[in-house]
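Residue numbers for the sequence shown, in my numbering: 4 to 208.
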Amino acid sequence: MSPPGRAAILSLGKNGHSVSEIARLLKLHRETVRRTLKRGTLEDIPRSGRPVSSATSRLKKIVAKRIERNSARSMRKMATDLNVSERTMRRVVHGQLRMFPYKFQKKHGLIKTQKKGRREKCVGLLTRAERGEYLLTLFFLMKNYSRWSSAQIGRIPGYSRITAKKPKKPGGLLRVACTRPQSWFVQACLLRVEHLWYSSKKELK
């Protein structure tokens, strides 16, 4: 238990509260309250077993100063220099100093071609939004899209202004833009489309 908790128990005990009342007020177990009152001090009980011999406060200060001078210092090398085990050194750094190693992540930079392509795509999206063309854009998920090309779609009777962009891999997204919203459902049937969505998020079956 922390010193503030012990102080609260001792203070309530001096004011005449019983063990049951203190346990109910502080939401603690009765045995914890009884042991604290019996001990009558805020200090920790001396630990049993072998005393600390390596991970001392002096070693902690030395390691902290070395890491402050050079944060890239190896813990294995510090353990060898200070004549302690590597496990002890890691226990001091991680457990007492609360320091953990890290590396700066490096990302692959975009080449000029990729930057140019992204810029063209953004400009195209903004242009279509400005003209209102996004309201006339259909998104299809087709099984046999490889049978269709932009020229074949453009030759469908009654749809002179139809453009399509085929996906690069099977199962991709095929975008078809037309200037006749009333012809969407017929066009979807002609292209053997499984699902069709438009700007109002309504699904046609």
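Cβ coordinates follow ideal geometry from the N, Cα and C atoms, glycine included.
Item to complete: Give the single residue among N18, V55 and G8 whose Cα lies nearest to the Cα of T35.
Response: Closest option to T35, Cα to Cα, is G8.
Could you work out which residue in A58, L129, S5 and R50 is closest to H97 when comparing CA atoms only?
The residue with the shortest Cα to Cα distance from H97 is A58.
Under the three-state reduction of DSSP, which class applies to L100: helix, strand or coil? Of the three classes helix, strand and coil, the one that applies to L100 here is coil, per DSSP.
*Counting contacts by CB-CB distance shorter than 8 Å, is S51 in contact with chain B?*
Checking the listed chains, one finds no chain B in this structure; it contains a single protein chain.
For R94, collect the residues of the same chain with a Cβ closer than 7 Å to its Cβ; drop the 5 residues on either side in sequence, then sort them by chain order. Within its own chain, the residues whose Cβ lies closer than 7 Å to the Cβ of R94, once the five positions on either side in sequence are excluded, are A58, listed in chain order.
ask   = Roughly how many angstroms lie between the CA atoms of R69 and R61, to the nearest whole one?
value = Using only the alpha carbons, I get a separation of about 13 Å.
Should Q99 be counted as a contact of the ligand HEM given a C-beta to heavy atom distance under 7 Å? With respect to the ligand HEM, the structure offers nothing, as it holds no ligand at all.
Problem set entry | For S88 and M78, the rounded distance between their alpha carbons | Going by the C-alpha atoms only, they are around 10 Å apart.
- Item | Own chain residues within Cβ distance below 6 Å of A82, not counting five before or after | Hits under 6 Å: E89 and M92.
(Q) Check this for me: beta carbons of T39 and L13, under 8 Å apart or not? (A) Contact: yes.
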